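Structure first, commentary second.
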Amino acid sequence: MKYKIIAMAVSGVLLSACGSDNDNRVEPTSTSVQAFDGAVRFIDTYMNCADNGWDYLGETGGKGIINVGKGNYPLFDEDPTQCSFKFGESAEPSGGGTNAAEDESNGKYMTKVVYTVPGSLIEAGQPIVGTPYTSLIAQAIEDDTSGLTVDQIIDNVFAATLPAGTELTDTQKKLLLSDPQAALDSMDDATSKSVQASTMILSDALVGAQEQLDEGDISEKRTVDEIANVTQTIATSLAAQDDFPINSAGKPTFVDYTEDLNDPIKFKTALDATPDPEEPLPPSTVTGDDPLQEGDVSEEIPPTEIPPIDEETPPATGGGGSTG
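Mapping to the working numbering: the sequence shown position 165 is 167, numbers consecutive.
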């Protein structure tokens, strides 16, 4: 059985021809901005350039993508690395959509997640992707006091969250932060399964850690190491399930621990446990004693488009971000 996410998340840059009649050069007219666990459609997407505030871009469409046309946000066009991105339901007061975010690959609701992408993970001319991993890496970059490079932090985060024995190449790590589906497609079945398990659990662990802080259950935010340890422990059990990520009937499966890992006691239980593939999955408040649930692949819809603006047409905003 091929352990691949069913929904193909094709990230890329839309290209149009330019230049003289004697060359075939192309330049991007839009940049793909994507939310991915599997691909997350209908999640509100925000951009903040040069600390000028959060612009609301809209909800992601099919494949979890918004294509941001050139000319709409001059600061982004000038240098995308001075911008950061956030994905989350009404995560900022500058705007929000009305649809419930969901994972296209299995139908899991994603209304509680918040994914972030710092400018240090953005490369001009490349797709931009927000995932649980970009979010934990962003926290690790922010919290680092030892002078680690971004590449070292990326290596540490993957090593701390993946089940033991899961090895990724540097190219696969880079792809997971820019074109996750291409990364998964490059892996053998066991590696892909482990990465999908860790990504799914990390997403829930991030939700739980933030809710503990928001509710005043903890006085300081959970550390990167704590979130990584919880992720690795539960993901090790999830990756050992024969029916994940696809069951014997060919249907996608998922777990939801968002209403368990928001409990400091349950979080600590996972934190103190030793990762063991023989250890059964803990029960889920959302789905009951059998935490592994059967889902459905979403019907295809087109990505959301923010059309490019002609150079002679002034943009609707200054591109520096709306305040809020």
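Each residue gets a CB set at the ideal place from its N, CA and C atoms; glycine is no exception. No experiment lies behind these values; they were computed from the predicted model shown.
Straight-line gap, residue i to residue j (C-alpha atoms, nearest Å)
i           : j           : result
residue 200 : residue 164 : 6 Å
residue 162 : residue 303 : 35 Å
residue 186 : residue 277 : 23 Å
residue 310 : residue 176 : 28 Å
residue 70  : residue 106 : 21 Å
residue 288 : residue 261 : 7 Å
residue 137 : residue 222 : 18 Å
residue 330 : residue 285 : Within the shown structure, residues of the chain are numbered from 3 to 326, placing residue 330 beyond reach of any answer.
residue 31  : residue 72  : 5 Å
residue 246 : residue 141 : 29 Å
residue 50  : residue 156 : 23 Å
residue 23  : residue 48  : Because the pLDDT of residue 23 is 47, which lies under 50, any placement of that residue in the model is unreliable, and the number read from its coordinates should be weighed accordingly. Answer to the nearest angstrom: the Cα atoms are 38 Å apart.
residue 218 : residue 181 : 36 Å
residue 174 : residue 300 : 26 Å
residue 265 : residue 214 : 7 Å
residue 102 : residue 62  : 11 Å
residue 263 : residue 210 : 5 Å
residue 216 : residue 225 : 15 Å
residue 272 : residue 74  : 45 Å
residue 240 : residue 86  : 32 Å
residue 152 : residue 58  : 27 Å
residue 118 : residue 52  : 16 Å
residue 267 : residue 96  : 35 Å
residue 171 : residue 242 : 22 Å
Residue i, enclosing alpha helix (DSSP H) - first and last residue
i           : result
residue 89  : No alpha helix (DSSP H) contains residue 89, which is instead part of the beta strand (DSSP E) from 85 to 90.
residue 311 : From DSSP, residue 311 is part of no alpha helix (DSSP H); its letter is neither H nor E.
residue 116 : Segment 116 to 119 is the beta strand (DSSP E) holding residue 116; no alpha helix (DSSP H) there.
residue 210 : 191 to 216
residue 240 : 226 to 241
Boundaries (first-last residue) of the beta strand (DSSP E) holding residue i
i          : result
residue 49 : 46 to 51
residue 60 : 56 to 61
residue 69 : 67 to 71
Proximity winner among the options, relative to residue i (alpha-carbon distances)
i           : options               : result
residue 183 : 133, 139 and 159      : 133
residue 196 : 213, 238, 151 and 211 : 238
residue 94  : 140, 45 and 123       : 45
residue 76  : 189, 88, 54 and 97    : 54
residue 208 : 156, 139 and 59       : 139
residue 33  : 158, 39 and 124       : 124
residue 191 : 141, 168, 231 and 300 : 168
residue 89  : 39, 270, 148 and 193  : 39
residue 206 : 193, 232 and 227      : 232
residue 78  : 250, 121, 204 and 203 : 121
residue 158 : 234, 250, 282 and 99  : 234
residue 91  : 143, 144, 148 and 37  : 37
residue 146 : 220, 108 and 227      : 227
residue 244 : 282, 154 and 100      : 282
Beta-bridge pairing of residue i - partner residues as DSSP gives them
i           : result
residue 2   : Here the chain covers residues 3 to 326 and nothing more, so residue 2 does not appear.
residue 182 : Residue 182 is not bridged to any residue.
residue 130 : 35
residue 295 : 256
residue 286 : 290
residue 356 : Only positions 3 to 326 of the chain appear in this structure, which leaves residue 356 out of reach.
residue 248 : 254
Neighbour flag for residue i against chain C, beta carbons, 8 Å
i           : result
residue 262 : This model lacks chain C altogether; it includes just one protein chain.
Looking at C-beta atoms only, is the number of pairs between the stretch 251 to 265 and the stretch 293 to 312 that lie closer than 8 Å three or more? yes
Assess, as a yes-or-no matter, whether the stretch 112 to 119 is touched by the stretch 63 to 71 under the definition of 3 or more beta carbon pairs within less than 8 Å. no
Could you check whether the stretch 82 to 90 touches the stretch 128 to 135, counting it as contact only if at least three pairs of C-beta atoms, one from each stretch, sit closer than 8 Å? yes
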